[in-house]
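Novice: I'd like to ask some things about the structure below.
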Amino acid sequence: MRHLNGEVSHLLTKYLPLFHSFDREKEVLDLACGNGRNGLFLLENNFNVTFVDKNEKALAQISSAVKRNRNQLHRRLQVDLEGAENSLFEPERFGAVLVFNYLHRPLFPSIRSSILKGGLIFYETFTAAQRKFGRPKNPRFLLRENELLETFEDWEIIDYFEGVKYDPQRSIASLVARKP
1 MRHLNGEVSH LLTKYLPLFH SFDREKEVLD LACGNGRNGL FLLENNFNVT FVDKNEKALA
61 QISSAVKRNR NQLHRRLQVD LEGAENSLFE PERFGAVLVF NYLHRPLFPS IRSSILKGGL
121 IFYETFTAAQ RKFGRPKNPR FLLRENELLE TFEDWEIIDY FEGVKYDPQR SIASLVARKP
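As numbered in this note's numbering, the sequence shown has no gaps in its residue numbers, which increase by one up to the final residue, 180.
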């Protein structure tokens with residue numbers, strides 16, 4: 001599904017019905033959201049979305065898209081996620097967290113604790129095998145084999161994939177899981 005700000009993740013379109021299992025008043029956190037394509041898709045489906053990114057221009061694009069749709073169920077926060085501690089990750093605050101094409105391992109515990117019991121994590125990013133195909137190449141930004149699965153191993157795993165995707169060719173791991 002195409003959104004004005006880019007292609008919406010197949011994981012979100014496939015598993016949109018899972019979002020109906022929790023209260024729409026609960027916030028969905030779109031972490032390191034970029035131009036907001038995934039969060040905007042949920043916003044258009046009447047979910048309350050908090051967009052977080054350090055890029056001011058990306059957040060401005062989201063603001064423009066939201067104004068066109070006149071949707072008020074959102075917040076935009078400019079945050080350097082790799083900087084100092086912040087209050088974004090309060091325990092059991094979010095009904096779901098979305099993370100696409102971003103990895104900062106020190107955030108794993110905060111992400112896990114910030115999701116409500118029964119809440120969802122949608123996570124997709126590059127694996128170490130990505131080096132064969134192009135950027136990113138820095139190991140700090142690449143998941144090790146099974147790392148994402150192991151990080152959420154005590155959660156209900158709804159969907160997991162690790163391997164090569166095409167169009168464009170890339171090596172990724174993706175996970176959809178529910179917090180017990």
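Just so you know, even glycine gets a beta-carbon here, dropped at the ideal spot from N, CA and C. Predicted, not measured: the structure shown is a model, and the values here were computed from it.
#1: Quick one: what does DSSP say M1 is sitting in, helix, strand or coil?
#2: What span of residues does the beta strand (DSSP E) with K165 cover, start to end?
#3: So, L40 versus L98, is the Cβ gap smaller than 9 Å?
#4: Report the option in V66, K26, S171 whose CA atom is closest to the CA atom of A129.
#5: Could you work out which residue in R37, N48, E90, H20 is closest to S64 when comparing CA atoms only?
#6: Under 9 Å between the Cβ atoms of L148 and Y123?
#7: When DSSP labels each residue in this structure, what does R144 get in the three-state scheme?
#8: If you pair each beta-carbon of the stretch 51-65 with each one of the stretch 20-35, do three or more pairs fall below 8 Å?
#9: Among the residues of its own chain, which have a CB less than 6 Å from the CB of F22, if the five just before and after it don't count?
#10: Give me the Cα-Cα distance between P120 and S174, rounded to the nearest whole angstrom.
Specialist: With the given structure in hand:
#1: As a first step, residue 1 is located in the sequence shown; it is residue number 1 there, counting from the start. With a pLDDT of only 41 at M1, under the threshold of 50, the placement of this residue in the model should not be trusted, and no figure is reported.
#2: Counted from its first residue, the sequence shown places residue 165 at position 165. DSSP places K165 inside the beta strand (DSSP E), whose first and last residues are 156-165.
#3: Against the sequence shown, residue 40 aligns to sequence position 40. Against the sequence shown, residue 98 aligns to sequence position 98. Contact check for L40 against L98 fails: the beta carbons are separated by 9 Å or more.
#4: Looking up residue 129 in the sequence shown gives position 129. Out of V66, K26, S171, S171 has the C-alpha closest to the C-alpha of A129.
#5: In the sequence shown, residue 64 corresponds to position 64, counting from 1. Nearest C-alpha to S64: R37.
#6: Taking the sequence shown and counting its residues from 1, the one referred to as residue 148 is at position 148. Taking the sequence shown and counting its residues from 1, the one referred to as residue 123 is at position 123. For L148 and Y123, yes; Cβs fall inside 9 Å.
#7: Sequence index remark: in the sequence shown, residue 144 carries index 144 (1-based). Coil, per DSSP.
#8: yes
#9: Taking the sequence shown and counting its residues from 1, the one referred to as residue 22 is at position 22. Answer for F22: G95, listed in chain order.
#10: Numbered from its first residue, the sequence shown carries residue 120 at position 120. Numbered from its first residue, the sequence shown carries residue 174 at position 174. First, the residue type needs correcting, since residue 120 is Leu and not Pro in the sequence shown. One C-alpha to the other measures close to 13 Å.
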